[in-house]
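Residue numbering for the sequence shown follows full-length UniProt numbering, beginning at 1 and increasing consecutively.
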Amino acid sequence: MQLFAGCCYCRMLLALGQERRAKTIRRIKRPEEQLQPGSLVTLRVRSIAGLQLLCSAPVHVRGHVHATQLVDIGDMANHGAMPLQRLRSARILEARVLRTKQRDSETGKGDKICHVELTCRPSLMDPKDASEYEKALVRWPLLLPGTRLVAAVVSVQKSCIWMEVAPGIRGRVALLDLSPDLSVLRAVAEHFKVGQVFQAHVLRAVSSRKELDLSLLDFEAQKTCVGKLRKVHEGEAAAVFELPGRRWGSVHITELFDVWAKRPTQRLHVGSLHEVAILNDKEKLEVSLRQSQVHGHKEVQEEKRPKSAEELKVGQKVSGYVVSAVPQGVFVALSRSLTARIKLKALSDMPVMKEAVAKMHPPGSLLRDIIVVQISEGRVELSLRTGDGPGGLTCEQLSVGDVVSGKVKAVEPYGLFVRLDNSNVDAFIHKSEIADSASITVNSYAVGAKIHQAKVLKVDGSRVGLTIKPSNFSGEELEEDADSDEMPEMQELLAELQKTRKKGKKRKAEAGTAAKEAKTKEREQEGDAEVSEEEPWQPVQKSAGASFEFAEFKVDSASSSDAADEEDDEQTLQLSKRQKKAKRKEEDKELQKQEAENADGRWADDPQSVEDFERLLLTQGDTSIVWIRYMAFHLKMSDLEKARQVAERAVKHVGFADSKERFNVWVAYMNLECTFGSDETSDAIFRRAASHNEAKQVYMQLARIHERNKKPSLAVKAYEACTRKFPQSKKVWMSFLGFLYQTGDAEGARKVLPKSLAALPRQKHPVVVSKAAILEYQHGSPDRGRSIFEGLLDSYPKRTDLWSVYFDAHIKAHTPPKVPDPDCKQIRPLFLRCCAMPLKATKMRFFFKRWLDFEMKWGDAQSQEQVRAKARDFVESL
């Protein structure tokens, strides 16, 4: 506001003092001589009108000073000074004459009135040559693009302001030319007032139409500015922005966000304002919206954009956006200066039709974890095939007799072509090597079908021959593949249903051997006692400090997981007495060895202080459980800030070599913030975790954390966000359905099921529908669950895995403890229907065994004999 103080202001004060001494102004007797350009005059201040100070002197002299003539352009810092406010209390004004015009008096007596245009700029108050005062006058011919001058605000509007550079010469300043600060542009009326003066420069001047465009920005020193989004495209040039100075700039699709976002253009809205960074000084400007470019934020490794092929190496995984999809392949933009190609054969492990390329990968879609397979002469070739990555299986690594797995890539009359898992090797199975019986042919396999087990018969260069005939496998290999005809997803569902039954059997076994355990306790410590078949031996754990249950992790001195214990128990249950005894002795020796080794280093097993943990981290710094226990230690001491510091160290220290360990520490950090932090901190950690790990796992972990913390509304929001981000993941939808049923919102789950089927591919429908049916049996209506299964089996009548899941759910719903008495009439019709179907002997044997097991548990001798009779009839019919 003090831009024109100094000489001019002193002269005004001097004039004010002179006025107090002399109340009259000296008469101007000879205007032609006394009012020449540069002449110093003293006038009486009359008023302020608009942007001008009006004054007068005897006789018939009228003067006016425009606001732009009160300050020097070199003294301005564009803070919006208001010089006219200083002169409201002035009575006398000293100024220099710029020019004079004479007009006839309004009285009609023939007198002439002199109208004088004045200046009070400090640089012009000292005597100058008359030409200097001529230059200070602003005229239309002098308003050339780039000219710098002083402008005063006349009016303020929402989208622009109007300014005067001289009396009668008015110009417009567009919104984008007002300030580089986005907050200023969103509240123009709060930052610009009538009467303020700014340094401006001319963008465009058309004197014939009296049009003048001005700007308050300095383009030469400007690296960032505010732009207005005008157009959005689904291509390489994703957006077009209007920039200050009547300029335009385009944004490459890789320069919209630092993170690799799906469909980034859908996040943009035409007409919105954005801070942008100017990337070049060419005629066609390129700009960036990335925060690392606009504000200089540090980029993480995943966010860096390679500028040239020299920055990449073969085997590296990159991300990019599809800019073009043609029958020959896809072109992917890795940065604004580097575009790579994915050939048709490298788009998928399965065959891709040329007509389907554009539909699979439309322009603007995101591709993650693309593998760089070739770099030649600045050109980059990429691949989406899993086998092209580092560590993929090659023909040189295969030998006759190896057992491999894969998926059917093509079906021909003479055999099957199979893409081996984790490789780009295509193998061939001749039709004579498919099955021992003529009932199974090449037509029994569809493209995409999983081959769980195949044996290598021949390797000839790049040609590999396989067999899947059972007669070519040993007994052990066939046992490992006993369930290969069932889908893995169905096996997961079966395991889920059987888990409850195993727990019940285990509790009965433990109760039955409790007395015997008490009697033999002393002998067990010596290692000579025999353990009962029902109760597996469990090693005695050393006493530890207080444990801390940390949501996903239970942290105590013994850091083994519950899942590992359950797995060991299941394996132990399958051992004989002699094997159990041998295993117990072996584990006992191992335990004694560990105790001896740790006798002098107890702190490593049970750290009790910060020093213990820091010593432990020196040797086990890449182990997530150590960091998690360290965090739990601080939380136990009610020191949340220290726990956060440890979590921050953990996510930075645990290396990228072991993704599981890194994921564990991020989950622990999310647990910490969701449990003890605020919504803002938990959301920030979640977003960081999603950018450093597989996003789907992070989203699902967030939902589970809210679920465990008894925050169902937040859990629902997390699941909904997860389904929007990963709509084609059956695991996400099944988890969401399970959560809704378990929380009692069966109606909500029934509304979610159709949405999931609309989003998922058709081949995933049976798994999701069967999961929904099981949940209906468990938490909703068994009748509705049965209806869902019946509808599903109408579409897939020969899917034995679906029948098996149906049996488990239906039997459990109509037998204790679900109901007081078993309702066999509801169950037997299912077995009768299934056993009447034309299925393979191996599968029928499985169903007859299931039926007989059911009758032996809940039926009587007569019903058991009926099952055996039906089984004999089936065998005789073969």
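Every residue gets a Cβ at the ideal spot worked out from N, C-alpha and C, and that includes glycine. Everything numeric in this text was worked out from a predicted model, so none of it was measured.
Beta-carbon proximity of L118 to V197, cut-off 8 Å = no
With distances taken from CA atoms, which of R103, M353 and V698 is nearest A410?
-> M353
Are the beta-carbon atoms belonging to G780 and Y741 less than 8 Å from one another?
-> yes
Does the region 124 to 134 come within contact of the region 33 to 47, defined as at least 3 CB pairs closer than 8 Å?
-> yes
DSSP beta-bridge partners for R379?
-> S376
On the premise that L268 lies in contact with P244, defined as a C-beta separation below 8 Å, what is that separation, rounded to the nearest angstrom?
-> About 20 Å separates the two Cβ atoms, so there is no contact after all.
Using 10 angstroms around the beta-carbon of D801, count the other beta-carbons present and answer buried if the total reaches 16, otherwise exposed.
-> buried
If we count the other Cβ atoms within 10 Å of its Cβ and call it buried at 16 or more, is Q763 buried or exposed?
-> exposed
Other residues of its chain near R385: CB distance less than 6 Å, five sequence neighbours each side excluded = A346, D349 and N424
Tell me which same chain residues have a C-beta within less than 6 Å of the C-beta of K304, skipping the five on either side of it?
-> none
According to DSSP, what are the bridge partners of L214?
-> V173 and V202
Per-residue DSSP class, three states only, for E236 = coil
What do you get for A454, buried or exposed, if any count of 16 or more other CB atoms within 10 angstroms of its CB means buried?
-> buried
State the CB to CB distance for the pair E790 and F739, rounded to an integer number of angstroms; the pair is presumed to be in contact (CB under 8 Å).
-> Rounded, the Cβ-Cβ distance is 26 Å, inconsistent with contact.
If you run the structure through DSSP and keep just helix, strand and coil, what is S547?
-> Interpretation of S547 is limited by its pLDDT of 42, a score under 50 that renders its predicted location unreliable; no figure is taken from the coordinates.
Shortest alpha-carbon distance to A340 belongs to which of V357, L852 and I375?
-> I375
Rounded C-alpha distance that separates H274 from G227 | 5 Å
Bridge partners of Y321, per DSSP?
-> A333 and L366
Residues near A871 in its chain [Cβ-Cβ closer than 7 Å; skip 5 each side] | F848
Contact the region 182 to 194 vs the region 233 to 252: 3+ CB pairs below 8 Å | no
With a CB to CB cut of under 7 Å and the five nearest residues on each side skipped, what residues in its chain are close to S729?
-> K696
Compute the distance between the beta-carbons of V150 and I161, then report whether it is under 8 Å.
-> no
Close Cβ partners of L737 (< 8 Å) along its chain, the five nearest in sequence each way excluded = A749, V752, L753, S756, V768, K771, A772 and L775
Check the C-beta distance from V442 over to L416 and give it rounded, since I have them as a contact under 8 Å.
-> 6 Å
Option in V116, V41 and Q608 with minimal Cα separation from Q52 | V116
Output yes or no for whether 8 Å exceeds the beta carbon distance between V41 and A90.
-> no
Establish whether the CB of K101 and some CB of chain C are separated by less than 8 Å.
-> Among the protein chains of the structure shown there is no chain C, as only one such chain exists.
Within 10 angstroms of the Cβ of S288, are there 16 or more other Cβ atoms? Answer buried if so, exposed if not.
-> buried
Drop a sphere of 10 angstroms on the beta-carbon of G364, count the other beta-carbons inside from all chains shown, and report buried for 16 or more, exposed for fewer.
-> buried
Among all the DSSP beta bridges, which residues are the ones paired with G227?
-> H274
With a 10 Å radius around its C-beta and 16 neighbouring C-beta atoms as the bar for buried, classify G171 as buried or exposed.
-> buried
E614 versus K731 - alpha carbon distance = 39 Å
For E876, collect the residues of the same chain with a Cβ closer than 6 Å to its Cβ; drop the 5 residues on either side in sequence, then sort them by chain order.
-> none
I370 vs V318 beta-carbon contact at 8 Å | yes
Option in A449, V667, R148 and V45 with minimal Cα separation from G74 | R148
Do R247 and L212 have their C-beta atoms within less than 8 Å of each other?
-> no
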